Amino acid sequence: MESENDKNEFKSFACSQSLKAIEDVLHVLGGKWKLRIVVGIASGYNRFNELQRAVEGISARVLSNELKDLETNGVIVRKVEAGATPVIVTYEPTEYAKTVMPIVNTLADWGKNHRNKLQNESHL
């Protein structure tokens with residue numbers, strides 16, 4: 001029979017594992033810009049200037065750094081068409097990035113609901 005101490009140790013271990021997993025997610029997609037960039041790329045904004053316009057408020061330097069981080073983590077792929085004049089650089093989500101999109105869509109739904117909740121509460 002499982003003791004109360006064993007149950008607490010299991011809960012503590014499960015919580016610790018979940019928190020470590022969330023830390024990993026935040027390392028890859030956390031911060032002010034990365035998730036917005038991934039959504040922009042997944043929505044079809046594949047060129048640097050398109051992304052910069054789509055992700056309002058991001059500077060070119062920050063966008064460049066965030067794109068490099070996302071590429072390093074296997075979330076996006078940078079494609080260069082060197083034969084074109086001028087050279088065309090595009091960014092596309094990897095198959096790995098596509099696995100997070102259902103979660104992103106759920107977060108977007110939650111955000112819409114939360115915004116509506118706040119607006120409704122402010123009218124009371």
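Per full-length UniProt numbering, the very first residue in the sequence shown carries number 1; after that it's consecutive.
C-beta: ideal position from N, C-alpha, C; glycine also.
Note that this is a predicted model, so its numbers are computed, not measured.
Problem set entry | Contact under 7 Å by Cβ, L67 with Q52 | Stepping through the sequence shown from its first residue, residue 67 is reached at position 67. Stepping through the sequence shown from its first residue, residue 52 is reached at position 52. No, these two residues do not count as a Cβ contact at 7 Å.
For this session: With DSSP as the reference, please indicate the residues paired to Y45 in a beta bridge.
Result: Here residue 45 refers to the residue found at position 45 of the sequence shown. Partner(s): none; Y45 has no beta bridge.
For this session: Pull up the distance between the alpha-carbon of N65 and that of N8, whole angstroms please.
Result: Here residue 65 refers to the residue found at position 65 when the sequence shown is read from its first residue. Here residue 8 refers to the residue found at position 8 when the sequence shown is read from its first residue. Rounded to whole angstroms, N65 to N8 spans 42 Å at the Cα level.
Problem set entry | Spatial distance of G57 from H114 (CA atoms) | In the sequence shown, the residue the question calls residue 57 occupies position 57. In the sequence shown, the residue the question calls residue 114 occupies position 114. Going from the Cα of G57 to the Cα of H114 covers about 23 Å.
For this session: Could you check how far apart the C-beta atoms of L41 and E81 are, in whole angstroms? I think they sit under 8 Å.
Result: Counted from its first residue, the sequence shown places residue 41 at position 41. Counted from its first residue, the sequence shown places residue 81 at position 81. What sits at residue 41 in the sequence shown is Ile, not Leu. Contact flag wrong, Cβ pair sits at about 17 Å.
For this session: Taking only the alpha-carbon atoms, compute the straight-line gap between G30 and R47 and give it to the nearest angstrom.
Result: The residue labelled residue 30 in the question sits at position 30 within the sequence shown. The residue labelled residue 47 in the question sits at position 47 within the sequence shown. Rounded to the nearest angstrom, the two C-alpha atoms are 22 Å apart.
Exercise. Looking at the unbroken beta strand (DSSP E) that takes in V100, where does it start and where does it end?
Worked result: What you label residue 100 is simply residue 100 of the sequence shown in a count that begins at 1. Here V100 belongs to no beta strand (DSSP E), and DSSP marks it neither H nor E.
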